[in-house]
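Using this note's numbering, you'd call the opening residue of the sequence shown number 75 and step up by one each time.
Every residue gets a Cβ at the ideal spot worked out from N, C-alpha and C, and that includes glycine.
Because the structure is a prediction, the values reported are computed rather than measured.
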Amino acid sequence: MTTVRGKSKFAYGAVVAMAVTGIGVLPAHAAPTPAKAPQQQSAVPTTSATTKAAASRSYTYLSFKINRKDTSNSRLSLVYVQVINPDKVRTYTVKTWRAGSGTGSTNSCLKNRGVLPSGDYKIRSFEAHKDGGPHGIHGLAWYVGEHTCKPHGTNRDALFVHSEMLPNGKQGRSEPYRWDGNSDYKSNGCIKLKPSDARDLAGFRSTYPHPGKLYVS
75 MTTVRGKSKF
85 AYGAVVAMAV
95 TGIGVLPAHA
105 APTPAKAPQQ
115 QSAVPTTSAT
125 TKAAASRSYT
135 YLSFKINRKD
145 TSNSRLSLVY
155 VQVINPDKVR
165 TYTVKTWRAG
175 SGTGSTNSCL
185 KNRGVLPSGD
195 YKIRSFEAHK
205 DGGPHGIHGL
215 AWYVGEHTCK
225 PHGTNRDALF
235 VHSEMLPNGK
245 QGRSEPYRWD
255 GNSDYKSNGC
265 IKLKPSDARD
275 LAGFRSTYPH
285 PGKLYVS
């Protein structure tokens with residue numbers, strides 16, 4: 075057997091084979107994988123944000139239920155529609171007050187005498203110190219515009235929710251700015267509340283959304 079510097083060819087080959095085996099050769103597919111870019115999170119609002127957005131859509135409205143037997147003893151309610159989240163909506167009455175409309179007739183086409191026409195109204199404005207001039211509406215007033223009665227089509231205009239008081243909210247010395255009792259629930263067609271109830275309704279403006287609609291039935 076031939077030797078290489080004192081070692082056999084066989085031993086030398088074994089050493090080379092072991093070296094190659096130990097080092098190894100990286101296969102072509104084992105190249106380092108480049109790092110992936112971090113995935114962007116989708117802009118989906120959180121549950122808390124969704125709930126807050128839904129709550130911002132909560133609202134109130136006024137509901138006037140006419141007592142056909144005695145229109146001066148009808149009921150006005152503040153109703154709250156609470157949107158807790160898009161799938162949960164709760165509706166409840168905040169408070170109800172006695173209110174009147176008209177002089178006693180249930181014919182809503184009788185101008186300045188009949189009850190307020192049934193239907194939907196937009197509450198166009200609110201005034202805390204309205205000054206309607208001589209014999210006009212004073213004090214707290216919610217303006218609901220006008221409405222056409224059925225079946226005759228008479229246009230009932232200058233309609234308000236109001237009471238009897240001075241522009242500063244105090245009681246006057248005589249009619250129509252002094253509240254004397256149940257007879258004062260009568261009106262020319264507007265919805266009338268006694269002064270303390272009008273103040274009560276206005277007070278909810280600080281804790282609930284302002285009513286935007288009036289529903290009369």
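With burial defined as no fewer than 16 other Cβ atoms inside 10 Å of the residue's Cβ, what is the status of residue i: buried or exposed?
| i | result |
| --- | --- |
| residue 284 | exposed |
| residue 211 | buried |
| residue 290 | buried |
| residue 220 | exposed |
| residue 209 | exposed |
| residue 199 | exposed |
| residue 225 | exposed |
| residue 163 | exposed |
| residue 258 | buried |
| residue 202 | exposed |
Could you give the first and the last residue of the continuous alpha helix (DSSP H) run that contains residue i?
| i | result |
| --- | --- |
| residue 174 | Per DSSP, residue 174 belongs to no alpha helix (DSSP H); it is in the beta strand (DSSP E), 162-175. |
| residue 144 | Counting along the chain, residue 144 falls outside any alpha helix (DSSP H), and DSSP gives it neither H nor E. |
DSSP three-state call for residue i: helix, strand or coil?
| i | result |
| --- | --- |
| residue 273 | helix |
| residue 259 | helix |
| residue 149 | strand |
| residue 245 | coil |
| residue 230 | strand |
| residue 137 | strand |
| residue 280 | helix |
| residue 288 | strand |
| residue 250 | coil |
| residue 297 | Missing from the structure shown is residue 297; the chain here goes from 75 to 291 and no further. |
Leaving out the 5 sequence neighbours to the left and right, which residues in its chain are closer than 7 Å to residue i when beta-carbon positions are compared?
| i | result |
| --- | --- |
| residue 206 | 212 |
| residue 233 | 190, 218, 219, 220, 221, 263, 264 |
| residue 298 | Because residue 298 is not part of the residues shown, which for the chain are 75 to 291, the question remains open. |
| residue 204 | 211, 212, 213, 215, 241 |
Does the distance from the C-beta atom of residue i to that of residue j stay below 7 Å?
| i | j | result |
| --- | --- | --- |
| residue 168 | residue 195 | no |
| residue 134 | residue 152 | yes |
| residue 155 | residue 165 | yes |
| residue 173 | residue 267 | yes |
| residue 286 | residue 197 | yes |
Quick one: give me the first and last residue of the beta strand (DSSP E) that residue i is part of.
| i | result |
| --- | --- |
| residue 238 | Where residue 238 is concerned, there is no enclosing beta strand (DSSP E), given that its DSSP letter is neither H nor E. |
| residue 254 | Per DSSP, residue 254 belongs to no beta strand (DSSP E) and is neither H nor E. |
| residue 189 | Careful: residue 189 lies outside any beta strand (DSSP E) and carries neither H nor E. |
Who are the Cβ neighbours of residue i in its own chain at under 6 Å, not counting the five residues just before and after it?
| i | result |
| --- | --- |
| residue 271 | 171 |
| residue 141 | 147, 148 |
Counting only beta-carbon atoms, is residue i nearer than 7 Å to chain B?
| i | result |
| --- | --- |
| residue 208 | Absent from the structure: chain B. Only one protein chain is present. |
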